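S.K.:
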Amino acid sequence: MADVDFSLLDLPRETPPDPQTYLGAAMAWHFGADTGSPYWLRTAKELDFDPLTDVRTFADLRRFPNLVNQLRDTPAEDLIPRGYGSPPPVPLIFESGGTTGAPKRTAQLPDWVAQVAHWQTDDFRRAGFVRGRGFLCMMPSGPHGVGHFSRVVSARLGSACHLVDLDPRWVKKLVARGAAAEMSAYLNHILEQAEYVLRSQDIANLHTTPPLLDAIARNDTLAQLVGDKVRFILLSGAHVDPDTLDVLRDVFPAASIAMVFGSTMILSQAQTRTDGETFVFDPRSPYVFFWVVDPDTGEQVGYGERGQVVMNHISKGMFIPNNLERDSAIRLPGPDGQVGDSVAEVAPVAVLDGEPVIEGVY
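Quick note on my numbering: the sequence shown kicks off at 5 and runs consecutively.
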């Protein structure tokens, strides 16, 4: 491995490296005896191919089985590559929303965290975030990455961050057992906290989920407060159809409404661009890339067709290949030089791994 330039994996950086060279360095890193994580060095022995010699193109990553469910119970320490040294940097542990069972867990090293904070700060700024004015974040915090990055990005943009916590796992359980009255009570609890902040603070920016913004729009008091005060609304965490989005734009005409698409399993979010009225999501390749496939055959669908999203993450800190996610989407070509597909009109699949997909409010 002496001739491998591992500096290609160093972050943060402004310009992505050459994808093919990056892939080679990443495979040498994650499967090298001195640099790979205990998890991947152990797992490699069970594969029917050698990642060090048999993965030469991004398409070769399809040879990996989807092992993401092992992140539900793998010790976080086993996910940290040995190449970071001993002791390694202390990671941030972020978990998924538990949509299809026990939460999956990632260990995010400081270099990757710094890169994501840089990307998201730029994303917020370009999307219309009002610098220096208050930011109300109605999103999960606790074990979820969105709460951490909301605080960091808000501070970088000179804005105080006000958080209203929500527990997506509890909401999903309420939905699963049809507890409509409890669901309504929990939703009112969240909205009540948001009203306290909106009434008393200078809030010009709002980050929430489409179901929560829909609930705000149906609440006369909150709709008036948001309409009067908020000038930037960012939606993420759940899906919204184009017709509902049009209605929300009509209810809040003074606000710029933007959307992002991310996942705990890609440790980040895609970059958003607009094509007419459609939001298109470009993954940050070569670190993250998508394939949109027919779930029955595994083959990519045609451009403009709907399929299920396969997500891949390759960074110095983590390697998560060939993960068939809970999302379906329209496959679109990406910008020149991008690895894999871009996606639009993201929506949940009905069932994943034999479990019903429940969104709730996140």
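Where a beta carbon is used, it is the ideal one built from N, C-alpha and C, also for glycine. Quick caveat: nothing in here was measured; it's all calculated off a predicted structure.
1. Would you identify the three-state DSSP class for GLY151, choosing helix, strand or coil?
2. Just confirm the distance between the C-beta atoms of PHE98 and GLN112, as a whole number of angstroms; I'd bet it's less than 8 Å.
3. Give a yes or no on contact between the region 273-280 and the region 295-312, applying the rule of three or more CB pairs nearer than 8 Å.
4. With distances taken Cα to Cα, identify the nearest neighbour of ASP254 among PHE283, HIS193, ALA63 and ALA221.
5. Per the DSSP calculation, GLY138 is bridged to which residue(s)?
6. In angstroms with no decimal places, state the Cα-to-Cα distance between PRO313 and TRP33.
7. So, using beta-carbon positions, are ARG76 and PHE53 closer together than 9 Å?
8. Could you please give me the residues that DSSP links to GLU99 through a beta bridge?
9. Could you tell me which of THR225, SER188, GLU186 and GLY182 sits nearest to TYR200, measuring between CA atoms?
10. I need the straight-line Cα distance from ARG203 to ASP22, nearest angstrom please.
11. For the candidate residues THR110, SER158, ALA184 and PRO107, whose alpha-carbon lies nearest to that of GLY132?
12. Count the other CB atoms, across all protein chains shown, that sit within 10 Å of the CB of LYS233; report buried if there are 16 or more and exposed otherwise.
13. Assign TYR307 to buried or exposed, taking buried as 16 or more other Cβ atoms, counted over all protein chains shown, within 10 Å of its Cβ.
14. Could you tell me which residues DSSP pairs with GLN312 in its beta bridges?
15. Give the DSSP bridge partners of PHE1, in chain order.
16. Determine the DSSP secondary structure at THR19, reduced to helix, strand or coil.
17. Report the rounded CA-to-CA distance for TYR26 versus MET269, giving the unit in angstroms.
18. Report the rounded CA-to-CA distance for LEU239 versus PRO114, giving the unit in angstroms.
19. For HIS211, count the other beta carbons within 10 Å of its own beta carbon; 16 or more makes it buried, fewer makes it exposed. Which is it?
20. Out of PRO147, LEU271 and GLU50, point me to the one whose CA is closest to LYS320's CA.
21. Determine whether the beta carbon atoms of ALA348 and LEU336 lie at a separation below 9 Å.
22. So does the region 84-96 actually touch the region 165-172, counting three or more Cβ pairs closer than 8 Å?
23. So, are the CB atoms of PRO85 and THR47 less than 9 Å apart?
M.R.: Here's the rundown:
1. Numbered from 1 along the sequence shown, position 147 holds the residue referred to as residue 151. Reduced to three states, the DSSP call for GLY151 is helix.
2. The sequence position of residue 98 within the sequence shown is 94, counting from 1. The sequence position of residue 112 within the sequence shown is 108, counting from 1. Between GLN112 and PHE98 the Cβ distance is about 6 Å, and since that is below 8 Å, they are a contact.
3. no
4. Walking along the sequence shown from the start, residue 254 turns up at place 250. Taking only the C-alpha atoms, the option nearest ASP254 is ALA221.
5. Taking the first residue of the sequence shown as 1, we reach residue 138 at position 134. Looking at the DSSP assignment, GLY138 forms a beta bridge with ILE207.
6. For the purposes of this step, residue 313 is identified with residue 309 of the sequence shown, where counting begins at 1. For the purposes of this step, residue 33 is identified with residue 29 of the sequence shown, where counting begins at 1. The sequence given here has Val at residue 313, not Pro. Rounded to whole angstroms, VAL313 to TRP33 spans 26 Å at the Cα level.
7. Against the sequence shown, residue 76 aligns to sequence position 72. Against the sequence shown, residue 53 aligns to sequence position 49. No, the pair does not count as a contact, with Cβ atoms beyond the cut-off.
8. Here residue 99 is taken as the residue at index 95 of the sequence shown, counted from 1. Bridge partners of GLU99: ARG109.
9. Here residue 200 corresponds to residue number 196 of the sequence shown, with the count starting at 1. With distances taken between Cα atoms, TYR200 lies closest to THR225.
10. Counting from one through the sequence shown, the residue named residue 203 turns up at place 199. Counting from one through the sequence shown, the residue named residue 22 turns up at place 18. Going from the Cα of ARG203 to the Cα of ASP22 covers about 50 Å.
11. Counting from one through the sequence shown, the residue named residue 132 turns up at place 128. Ranking THR110, SER158, ALA184 and PRO107 by Cα distance to GLY132 puts SER158 first.
12. The count along the sequence shown starts at 1 and reaches residue 233 at position 229. Its Cβ being crowded by 16 or more others within 10 Å, LYS233 is buried.
13. Reading the sequence shown from its first residue, position 303 is the one you call residue 307. Classification for TYR307: exposed.
14. Reading the sequence shown from its first residue, position 308 is the one you call residue 312. BP columns for GLN312 point to VAL297 and SER332.
15. A question about residue 1 goes unanswered here, because the residues of the chain that appear run from 5 up to 366.
16. Along the sequence shown, read from residue 1 onward, the residue named residue 19 stands at position 15. It is coil, neither helix nor strand.
17. As a working note, residue 26 is residue 22 in the sequence shown. As a working note, residue 269 is residue 265 in the sequence shown. Cα to Cα, TYR26 sits roughly 20 Å from MET269.
18. The residue given as residue 239 occupies position 235 in the sequence shown. The residue given as residue 114 occupies position 110 in the sequence shown. Approximately 26 Å between the Cα atoms of the pair.
19. As a working mapping, residue 211 is identified with position 207 in the sequence shown. HIS211 is buried by the Cβ-count criterion.
20. As a working mapping, residue 320 is identified with position 316 in the sequence shown. Nearest of PRO147, LEU271 and GLU50 to LYS320, Cα basis: LEU271.
21. In the sequence shown, the residue the question calls residue 348 occupies position 344. In the sequence shown, the residue the question calls residue 336 occupies position 332. Against a cut-off of 9 Å, the Cβ pair of LEU336 and ALA348 comes out as a contact.
22. Counting Cβ pairs under 8 Å, fewer than three are found: no touch.
23. What you label residue 85 is simply residue 81 of the sequence shown in a count that begins at 1. What you label residue 47 is simply residue 43 of the sequence shown in a count that begins at 1. Not closer than 9 Å, so no.
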